[in-house]
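The opening position of the sequence shown corresponds to residue 0 in numbering that gives the first Met the number 0, with each subsequent residue numbered one higher. Glycine included, every Cβ here is placed at the ideal spot set by N, Cα and C. First comes the structure, then the notes that go with it.
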Amino acid sequence: MKILVTGATGSVGEHIVKQLLLSQVEVRALSRSHKNTGLPAKAQTVVGDLDNPETLEVHLKSIDSLFLITQSEQTEARFLANQRIIQLAKEANVKRIVALMDYEGNPIENIIKESGMEWTIIRPSEFMKNALYFWADSIQNEGIVRTGFPETLSVRIHEADIAAVAVKALVEDGHHKKIYNLTGPQSLSIREMVRQISDITGKPIELIELTEEQVRRNSKHQGYDDDFIEYFIIGMAKNPPKSAYTILDTVEQLTGKPARTFAQWVTENKYYFV
Ligand SMILES: NC(=O)c1ccc[n+]([C@@H]2O[C@H](COP(=O)([O-])OP(=O)(O)OC[C@H]3O[C@@H](n4cnc5c(N)ncnc54)[C@H](OP(=O)(O)O)[C@@H]3O)[C@@H](O)[C@H]2O)c1
């Protein structure tokens, strides 16, 4: 079986590549460049750009299944590019597509469902790895986390668990026409996650609570536009939808193993915080 993994150098894709290589599967790992991919030597790195679908055509012609990341921001150009990739995959007789979405899904889902290929859609909750993007630098440099809404709960998921479900759907039968919403095993507040990072790394961390106004100002300074700040940064953090903190057991049901905890994720990644 031959599988093309897009986003292969990303947080989920890197786990998918490693896990696929454990089963007897030929992995083609897509990146925009051959340089510094950090991918295992056993994976064949192929070059292509999701924003330029024709660059994928040659790779799609020699595979059985496709793992497709769909970027959160579905601009019209992105939507059209994804639509073209799906069309090229169908023309190339790709049998199966497994697509990674946001938790709420996105408009490309309908194109996938109507593609005529076997399809599975994966909608994970927020990634545990976001702790790196938002907190690692200030923890490392100052021993501080600055955040708004520290009591907000979320069911963050370990990226390796998303990958484990994707790998099942890629290599096993029985996942056609399935939409899998995935979460981690605990609903944790930011304050609790920071406490766990501190305990596991042995580094004291001060949590400084920002006001709503400060969050708005900082986000603007970081280049986010007003709509994004109101909806995602303030809205989701202040009044998160029930799905953001409701634990699902989908990972365990599908993989037969309990979903990995945040403490496990921190233990694996603690060198980023010290
Ligand atoms: N973070 C979250 O909490 C969250 C939650 C739910 C869903 N998601 C979704 O999960 C998806 C994957 O996220 P991730 O964290 O695994 O990715 P990531 O770590 O941000 O890495 C991005 C990956 O996408 C590839 N990529 C980006 N633009 C590309 C392009 N134009 N052509 C080809 N490859 C491109 C990069 O490959 P190269 O740099 O090697 O080219 C890299 O492998 C995201 O699109 C996001 O919408 C994220």
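- In the DSSP assignment, Ser188 is bridged to Leu152.
- One alpha carbon belongs to Lys89, the other to Leu19, and they sit about 22 Å apart.
- Cβ-Cβ distances below 6 Å link Leu131 to Tyr271 in the same chain, with the five nearest sequence neighbours on each side left out; the list follows chain order.
- In summary, Glu13 is buried, with 16 or more beta-carbon neighbours lying within 10 Å of its beta-carbon over all protein chains present.
- A distance below 6 Å between beta-carbons, with the five flanking residues on each side excluded, links Ser188 to the following residues of its chain, in chain order: Glu150 and Leu152.
- With the rule of 3 Cβ pairs closer than 8 Å, the region 44–61 counts as touching the region 81–99.
- In this structure, Ile121 keeps its C-beta atom at 9 Å or more from the C-beta atom of Ile111.
- Between Ser10 and Lys128, the C-beta gap is smaller than 9 Å, which places the two residues in contact.
- Cβ contact annotation for Arg155 (same chain, cutoff 6 Å, sequence separation greater than five): Glu125, Met127 and Gly183, in chain order.
- Of Leu181, Asn238, Tyr244 and Gln23, the smallest CA-CA separation from Met0 is found for Gln23.
- Residue environment for Pro123: buried (at least 16 other C-beta atoms within 10 angstroms of its C-beta).
- Taking C-alpha positions only, Asp198 is separated from Thr5 by approximately 36 Å.
- The DSSP assignment places complete beta strand (DSSP E) segments of no fewer than 3 residues inside the region 63–105 at 64–68 and 95–99, in order along the chain.
- Per DSSP, Thr119 is one residue of the beta strand (DSSP E) stretching across Glu117 to Pro123.
- Leu49 has its Cβ nearer than 8 Å to a heavy atom of ligand 1.
- Counting only the Cα atoms, Leu3 lies some 19 Å from Asn35.
- Between Thr254 and Glu208, the CB-CB gap reaches or exceeds 9 Å.
- In its chain, beyond the 5 residues on either side, Ala7, Thr8, Val16, Ala28 and Thr44 have a beta carbon closer than 7 Å to the beta carbon of Leu38.
- Note on geometry: alpha-carbon atoms of Val265 and Ile196 lie some 6 Å from one another.
- As the crow flies, the alpha-carbon of Thr200 is around 43 Å from that of Ala80.
- Between the alpha carbons of Ile178 and Thr119 lies a gap of roughly 6 Å.
- Annotated three-state conformation of Ser30 is strand, per DSSP.
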